[in-house]
Amino acid sequence: MTSDLNLTRQECDARGDQLKVRTYRVELDLSEAATDAETYRSRSTVVFDSTGTSTWIDLVTDVIDSVTVNGRQVHLEDYDGARILLHDLEIGENTVVVDALCKYSRTGEGLHRFTDPEDGNTYLYTHCEPTDARRMFACFEQPDLKGQFTFVVTAPSQWLVRSNQPEVSSEPAGECTTHTFAPTPPLSSYIVALIAGPYAVVQDTWSVKRADGSSQTIELTAMCRRGMLEHLESDEIFYTTKAGLDFYDRAYGFPYPWGGSSYAAPAKDRSEGRAENFVGCKYDQVFVPEYNIGAMENPGLVTFTEDYLFRGGATTMQRTSRAAVILHEMAHMWFGDLVTPKWWDDLWLKESFADLMGYQVTQEATRFDQAWLQFASGRKLWAYTYDQLPSTHPVIARIEDLEAAAQNFDGITYSKGAAVLRQLQAIIGPESFFAGARDYFAAHAFGSATFNDLLTALQPHTEHDLWRWADAWLRTTSPSELTADTSRGHGGAVTELVVRQRCTDRITGDEVVRPHQLQVAGYALGEAGLERTFLAPVTLTGESVEVPEAVGNRADLVLVNAGDLTYGIGRLDEQSQHVASTHLSSITDDLDRGAVWTALWNLTRDARIPASRFVDTFCTQAPAESNAMILRIVAGQVQTAVGHFLPAGTRTAAWDALGGVARVAIAGAEPESDLQRTWADLLAEFASQTDTLAGDAAALADGKVPDGLTLTDELRWKLAASLVRQGAWDEAEVQHLLEQDNTLIGRTSSLTALAAAPQAQDETWRRLVEDELTNDAQRALLTGWGISDPGTKYAQPYVELLDSVWGDRVQSMAQRLVIGLFPDVDADDEGRAALGAIRSWYDDNPGSPAALRRIVLEQIDHAERALRAQQVTQD
Ligand SMILES: [Zn+2]
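See below:
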């Protein structure tokens, strides 16, 4: 059966106008889940009002047993595998009952099932965004059609079963138990959630007494599969969770409303924001394996990838990431769940806010005080990269259908949107920002809203014209290039400094001028290296502005956008570039030092300086880098620089040089420090590309580690992949390691290690293209594939794959293949031919799915960028 899984904005708009959903009762029979049964029974009873006589309800399955509308059987001849057409509806209230068999998922969509090889336990969890609730039960799958869901789930009696709301009753059903959950407040289908299995649970509570005399207590849990319990670190997770609840409770002025045992229907006098309406609330957080994304904001039951649990300890960077994602998801309890974007056009309204909040609240309310650094040096590069692609789009995008929506969970929607909102706070002040947010929640609680609703809420709190601000920032594309044109006089003192912006919108071709609130800093070379001589605030509303505060100060290096307040690519002038290349590591301010690294990296990516200069800078400056987060980020960049941006003939020497740097650095790193861990990771990564590290890598893998370094399983697997890539290890050694770490993660890691062998490429290709893989197995094989360095050998099969890849798989699986198998090209005949063949496929197939075309076009652009960089050689 070929079903059209896509939904268009137009038809959902019409359905949204026609229907008002009241309630869902969703009965799922998971009693056979621990066997090899492929399906489970799903019965969905939907009560809704209609102003028209026909519509459709969404359900993706192969087997529907019956559908009734108001008690009358519906004939199903025209069911296409995705939409059940409903005719002869009453004007007014209707009840539809759909009885079907639905499939357990192995690719992360809908109801995912996995079995832990360590103990044989089976676990289930759901993931529904954007539209995979319809793989579990029949529903109207669009965000503005909110309903009150009652879940009734039958599962093995010894299992833990949890959903958005707490359980209100349970009854024995043979070997099993039937759990009934409290009805949800009005909820979009993309955020319903369920977990079932012998999950391990740790509990805590959070409570608040507010100035207005009200109080609230929320039950907290942290959960994971039993095999990971020793790595759960629930103390730290609860610490972050409570810090977040404290912050949001104060800042948003609307009590956390989810997971309550009872829900009072909202009155129209805005009393829904009163604390007494939300009693018995809970906030569950569960860490699950084989998860497609980082985390999902299901109200009352947030799901996270298990990658946020660290076997054998973690760096500050990893802990900061986890805190930021916990606080990102928590922000969604308001931005997204309480007030939901009407359609995916306003996806950014929830993601940009949540992303900003994740970093801001981590920085301001927790002990993880490097969140802004991570945002500036790491997260924002995702935005700059996407914003330079031919597929870039305004933050406010027009999204015509679901496939397009799925593509827009990207660097623009998350990171650029967040950066732009940070800039908005710099302009209007955080007080006004949060005051507007409070009005927005009060006005739209449990409903859906658009961007205009948000601006309407914010505007009364500021003198600035937000509609104009929004036109400049949210309806244009491409990052502004920010420069500080500096004239220097006697002794290097600044005689004139002009900050300029330049931006050509990649989509419209228009020149864009944006209002920026930023800072510019000057650094002078002294005894102790680079020292800051001035930090000046700059309000840039036109193309340029003078900075009189800079005049008279020495500035060997001028850094535009110091403190990272605005969104734009900060450029270094020639002199600053050279000073940076030789003295960068002496800047003591982490944010500024990170910004200088970022500036050098952007110059490299944009083919303004030869990649060799970035590599040389890494080799001289990285060993003195004191911040492991910066080191980790820059080390990723240098690997891209060597692997893709350097001319092919110079790479071996560069890898060897990196190898030498890592060998010395790891030996000198302070025991048990983040730097030591990070250098060990880097040595393991570099060892995949240079045989000069084979001995070092083998010794580490063997347990001969420097004092204070823990040989974690993750490090051993990373070393294993590199050793296999270099031919130093074969299957027997991998097998041996697997015996010592025969876990879910160990098994997946062994797939990567074995696929890293160049001689495994044919078999890896075959498995990736032909086998029915789980999402995790696919990712693992693709990682190994990348390490094995296939070059352009598979360019022709790749072009052939493009014809069929989209139709045969769920979108996330297809997408990973299109990205992961795209050939690495060099600036030689072979590389150009490979790229030419893919470009021809793109030109010759205008009718192929738009989402597929977008990804292919992006990969072509990345490859062309690499070719440009490879041609900048003179220094
Ligand atoms: Zn999010």
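The numbering of the sequence shown is my numbering, which starts it at 158 and goes up by one. Beta carbons: idealized from backbone N, C-alpha and C, even for Gly.
With fewer than 16 other Cβ atoms from the protein chains shown falling within 10 Å of its own Cβ, ALA990 counts as exposed. Counting only runs of at least 4 residues, the stretch 704 to 789 fully encloses the following alpha helix (DSSP H) elements, listed from N- to C-terminal order: 731 to 740, 747 to 762, 768 to 778. DSSP, reduced to helix, strand and coil, places ARG407 within a helical segment of the structure shown. Taking non-hydrogen atoms of ligand 1 into account, the C-beta of ALA576 is found less than 7 Å away from none of them.
In the DSSP assignment, SER997 falls within the alpha helix (DSSP H) that extends over 986 to 1001. Distances between the C-beta of GLU393 and the heavy atoms of ligand 1 are all 7 Å or more. For ALA312 against LEU187, the beta-carbon gap comes to about 4 Å, under 8 Å, which counts as contact. The beta-bridge partner set that DSSP reports for ASN251 consists of PHE205.
GLY515 and GLU486 have their C-alpha atoms roughly 8 Å apart. At a Cβ-Cβ threshold of 8 Å, ALA912 and GLY948 do not count as neighbours. Restricting attention to beta strand (DSSP E) runs no shorter than 3 residues, the stretch 595 to 650 encloses them at 604 to 606, 638 to 645, ordered along the chain. One thing to note: ASP870 has its Cβ no nearer than 8 Å to the Cβ of ARG479. Under DSSP, LEU377 forms a beta bridge with ASP361, TYR440. Taking a cut-off of 8 Å on C-beta distances, the stretch 980 to 998 touches the stretch 1010 to 1021, as three or more cross pairs fall below it. Put simply, the stretch 314 to 321 does not touch the stretch 258 to 266. Fewer than three CB pairs are less than 8 Å apart. When C-alpha distances from ALA239 are compared across ARG291, ARG229, SER262, the shortest belongs to ARG291. Judged by their CB atoms, CYS285 and VAL349 are nearer to each other than the 8 Å cut-off. Annotated three-state conformation of LEU187 is coil, per DSSP. Ligand 1 has no heavy atom closer than 7 Å to the beta-carbon of HIS388. At least one heavy atom of ligand 1 is found less than 7 Å from the C-beta of GLU454. Nearest C-alpha to ARG689 among ARG750, ALA629, PRO274: ARG750. When rounded, the separation of the alpha-carbon atoms in THR739 and ALA781 is 11 Å. For GLY416, the closest C-alpha among the options GLU390, ILE375, MET385, ALA592 is that of ILE375. Measuring C-alpha to C-alpha distances from PHE771 to each of VAL962, LEU803, GLY410 identifies LEU803 as the nearest. Between the beta-carbon of VAL655 and that of VAL715 there is about 11 Å, and that puts the pair past the 8 Å contact cut. The continuous alpha helix (DSSP H) containing CYS169 extends over residues 166 to 175. Runs of beta strand (DSSP E) with 3 or more residues, each lying fully within the stretch 886 to 958, are absent. The beta carbon of LEU233 lies closer than 8 Å to those of ILE221, VAL224, ILE241 in the same chain, with the five residues before and after it left out. According to the DSSP assignment, GLN527 belongs to no beta strand (DSSP E), since it is labelled neither H nor E. Inclusion of GLY265 and ASN932 in the CB contact set at 8 Å is warranted, their separation being smaller than that value. Excluding five sequence positions before and after SER509, the CB atoms of its chain that fall closer than 6 Å to its own CB belong to GLY574, ALA575, LEU578, given in chain order.
The distance from the Cβ of ILE744 to that of TYR680 is about 7 Å, consistent with a contact at the 8 Å cut-off. The beta-carbon distance between ALA602 and VAL496, rounded to whole angstroms, is 7 Å. This is short enough to meet the 8 Å contact definition. Contact check between the stretch 294 to 304 and the stretch 331 to 348: three or more CB pairs, one atom from each, fall below 8 Å, which counts as touching. Nearest in C-alpha terms to ALA408, of all of GLU731, MET293, PHE598, is PHE598. In the assembly as shown, VAL821 is an exposed residue. Its beta-carbon has fewer than 16 other beta-carbons within 10 Å.
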